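Visitor: Structure below; questions to follow.
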Amino acid sequence: MNFGCVSIAEKNDYMWRLLVALVGERQERAPLISGWEQRGALIWHYLRVVDEVKAALERRNPYSLEKLQPELTSLCTRIVLLPTPTSLHRLCQAEIVKRIANLIYSLFVLQRKEGDFDSVSRLARLISNLPLPEDYAHQEMRQMVTSWLDTTL
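This is how it looks when you write it as structure tokens:
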């Protein structure tokens, strides 16, 4: 499955409809698709988590976001395993990872509490394990640390 152009263009609704048409609402036809677990299921997971985090951010509900941390952690672990045989695949992975990093930062901003270094550390670890371009990873970490310092000083 080549999800490249869709993930770069952030056409999540289109991709979601395409995946549902392909495998069904409950992924009942997924076992029939070669490589589904490594590719399709990951994109399914990514789209679902993005939608859930966006909805929780719109509601500004820290509890909902806290419940999504395991989902984000799982997604971070899985995205590293995405096969990237071509430069287009690597670009797509980088774009998805940047979006995940942005979601992690949004989660951090909504959850941060004065002096709460544990949540900063946990979320920073997630970002550091993502296959981000080095300059982007540094930018994300700098943003997170600066924001944490602003709340504690």
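Going by UniProt numbering, the first residue of the sequence shown is number 1, and it counts up by one from there.
Think of the CB as a built atom: it goes at the ideal place given N, C-alpha and C, for glycine as much as any other residue.
All values derive from a computational prediction rather than experimental measurement.
Within 10 angstroms of the Cβ of E134, are there 16 or more other Cβ atoms? Answer buried if so, exposed if not.
Guide: Classification for E134: exposed.
Visitor: Once the 5 residues before and after P131 are set aside, which same chain residues still bring their CB inside 8 Å of it?
Guide: Cβ neighbours of P131 beyond the five flanking positions: I79, V80, Q93, A94 and V97.
Visitor: For the alpha helix (DSSP H) that contains I43, what are its first and last residues?
Guide: I43 -> alpha helix (DSSP H) spans A41 to R59.
Visitor: If you compare alpha carbons, which of R60, Y136, E140 and I43 is closest to Y14?
Guide: Looking at the Cα atoms, I43 is the closest of the given residues.
Visitor: With a Cβ-Cβ cutoff of 7 Å, do L126 and C76 count as a contact?
Guide: Their beta carbons are under 7 Å apart, which means L126 touches C76 by this criterion.
Visitor: For R142, I'd like the list of residues in its chain whose CB is within less than 7 Å of its CB, leaving aside the five on either flank, ordered along the chain.
Guide: Within the same chain, R142 has no close Cβ partners at all.
Visitor: Rounded to whole angstroms, what is the Cα-Cα separation between A55 and Q139?
Guide: Distance between the alpha carbons of A55 and Q139: 25 Å.
Visitor: Alpha carbon to alpha carbon, how far is R60 from P85? Give it in angstroms, no decimals.
Guide: Distance between the alpha carbons of P85 and R60 is about 39 Å.
Visitor: Reducing DSSP to helix, strand and coil, say where E71 ends up.
Guide: E71: helix per DSSP, three-state reduction.
Visitor: Take L68 and list the residues in its own chain whose beta-carbon comes closer than 8 Å to its own, dropping the five residues that flank it on each side.
Guide: Result list for L68: V49, E52, V53, A56 and L107, in chain order.
Visitor: Look up V80 in the DSSP assignment and say whether it is helix, strand or coil.
Guide: Note: V80 maps to coil in three-state DSSP.
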